[in-house]
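Report on the structure given below.
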Amino acid sequence: MAHRIIILGASGYTGAELVRLIALHPQMEIVALSADRKAGLEMRDVFPHLSHLSLPVLKKIDDIDLADADLVFCALPHATSQAVIHKLPDHVKVVDLSADFRINDPEVYSKWYGKPHDAPDLQKIAVYGLTEFYRAEISKARLVAGTGCNAATGQFALRPLISAGVIDLDQIIIDLKTGVSGAGRSAKENLLHAELSEGFHAYAVGGQHRHLAEFDQEFSALAGRPVTVQFTPHLMPANRGILATVYVQGAADAIYNALEAAYAGEPFVQLLPMGTHPSTRHIRGSNFCHIGVVEDRIPGRVIVLAALDNLTKGSSGQAVQNANLMLGCDETTALMMPPVFP
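Quick note on numbering: UniProt numbering labels position 54 of the sequence shown as 54, and the sequence is numbered without any gaps.
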């Protein structure tokens, strides 16, 4: 019998991506979909690319019996998830795609998100959802906190290097480019086509981006001492994709070997041959992350590049990967589709 799935926030980009992926899943059945302003509409009215699917009508959250689910994907805005998840029955497993449960320390959460956490009891039990590094914990978890898409990309490039001790921890620069869908679907003037196309700009410059909280938390825990990275994100005029160019100091062979050892046998993380580098066009619409290592002309400096699709491996694909573990399904189920090219 299929696991009964509810998607809250189905009218956003990550909600639609969840539907796209779960439509291919032989062990999951979507029994309810929520939306706020679009409640009462058919999913095909909101996302015509899903017209071929037979899906429940979008409803307000209050009109859905949340107890009638084995697992809930919560694709709601930050701070909204806390109140909704807090009311769920204990038997319902949850994968939260917002930032509400990513940060372990309530004070750190309050600093970065501007308000106290409203469900600190749940914050204590949430498991960080970077699947390849928290697999055992995720498989036993009731609540999994999906990572930030930028945070995931940087961590795929850096976690094995920090663990192996092959780079200078005080000399890490993450220069990251992300597609516009990472900003969500709500109307924003700066995301209009005329405002965004034919241009390219940095944002949250100088350590203002909230995903820095995840880098600080995860890298410091790995190193056993504080690790502070320099991180500058850029918005590129593309719908999907993230490319992180990470500058580190160390020996190229040792860095490559550490990544090779960490990702041997991983179905979704692919290390490219030494000297080659990834592109967002080669991971579009997939759950794959491609990593490349290039030795810089300056001795002792190395460039590590990571590319993934922010809506799939960076968010909804990661969420399904985690749900597979939580429900006892094969981790790769419904996620081995090849990238879309061109």
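Beta carbons are placed, not taken as given, at the ideal position from N, Cα and C, and that holds for glycine.
Residues in the same chain with beta-carbon distance under 7 Å from T312, minus the five sequence neighbours each way, listed in chain order, please.
Reading the sequence shown from its first residue, position 312 is the one you call residue 312. Taken in chain order, the residues that qualify are E17, G285, S286, N287.
Go ahead and pull the three-state DSSP assignment for S181.
Residue numbering aside, residue 181 sits at position 181 when the sequence shown is read from its first letter. Three-state DSSP puts S181 in a helix.
Can you tell me which of G328, A334, S181, N322 puts its alpha carbon nearest to the alpha carbon of A126?
By one-based count along the sequence shown, residue 126 stands at place 126. Closest option to A126, Cα to Cα, is N322.
Cβ contact check for the stretch 71-86 and the stretch 45-53: 3 or more pairs under 8 Å
no
When burial is assigned at 16 or more other CB atoms within 10 Å of the CB, is D96 buried or exposed?
Within the sequence shown, numbered from 1, the residue matching residue 96 stands at position 96. The residue is buried, with at least 16 neighbouring Cβ atoms inside 10 Å.
Local conformation of R135 per DSSP, three classes
On the sequence shown, position 135 is the one that residue 135 refers to. Three-state DSSP puts R135 in a helix.
Output the distance between the C-alpha atoms of Q270 and R135, rounded to the nearest integer angstrom.
Reading the sequence shown from its first residue, position 270 is the one you call residue 270. Reading the sequence shown from its first residue, position 135 is the one you call residue 135. Computed Cα separation, rounded: 18 Å.
Mark G165 as exposed unless 16 or more other C-beta atoms lie within 10 angstroms of its C-beta, in which case mark it buried.
As a first step, residue 165 must be located in the sequence shown, where it is residue number 165. Its Cβ having fewer than 16 others within 10 Å, G165 is exposed.
Do G320 and H52 have their C-beta atoms within less than 9 Å of each other?
In the sequence shown, the residue the question calls residue 320 occupies position 320. In the sequence shown, the residue the question calls residue 52 occupies position 52. One point to set straight first is that residue 320 is Val, not Gly, in the sequence displayed. Against a cut-off of 9 Å, the Cβ pair of H52 and V320 comes out as no contact.
Identified DSSP bridge partners for M28:
Against the sequence shown, residue 28 aligns to sequence position 28. According to DSSP, which records beta bridges pairwise, M28 is partnered with H3.
Quick test of the definition: if touching needs 3 or more C-beta pairs under 8 Å, does the stretch 34-41 touch the stretch 96-106?
no
Could you check the C-alpha separation between C149 and A10 for me, to the nearest Å?
Position 149 of the sequence shown, counted from the first residue, corresponds to residue 149. Position 10 of the sequence shown, counted from the first residue, corresponds to residue 10. Spanning the two alpha carbons is a distance of roughly 18 Å.
Distance, L243 Cα to F231 Cα
If you number the sequence shown from 1, residue 231 lands on position 231. If you number the sequence shown from 1, residue 243 lands on position 243. Cα to Cα, F231 sits roughly 13 Å from L243.
For the alpha helix (DSSP H) containing T153, name the first residue and the last one.
Counting from 1 along the sequence shown, the entry for residue 153 is found at position 153. Looking at the DSSP string, the run of the alpha helix (DSSP H) that includes T153 is 149-164.
Relative to the C-alpha of R240, which candidate in L305, G199, T280 has its C-alpha closest?
Walking along the sequence shown from the start, residue 240 turns up at place 240. Among L305, G199, T280, the Cα nearest to that of R240 belongs to T280.
Let me confirm a value: F156 is counted as buried when at least 16 other C-beta atoms fall within 10 Å, else exposed. Which label applies?
Here residue 156 corresponds to residue number 156 of the sequence shown, with the count starting at 1. Its Cβ being crowded by 16 or more others within 10 Å, F156 is buried.
For Q171, three-class secondary structure by DSSP
In the sequence shown, counting from the first residue as 1, residue 171 sits at position 171. Here Q171 sits in coil by DSSP.
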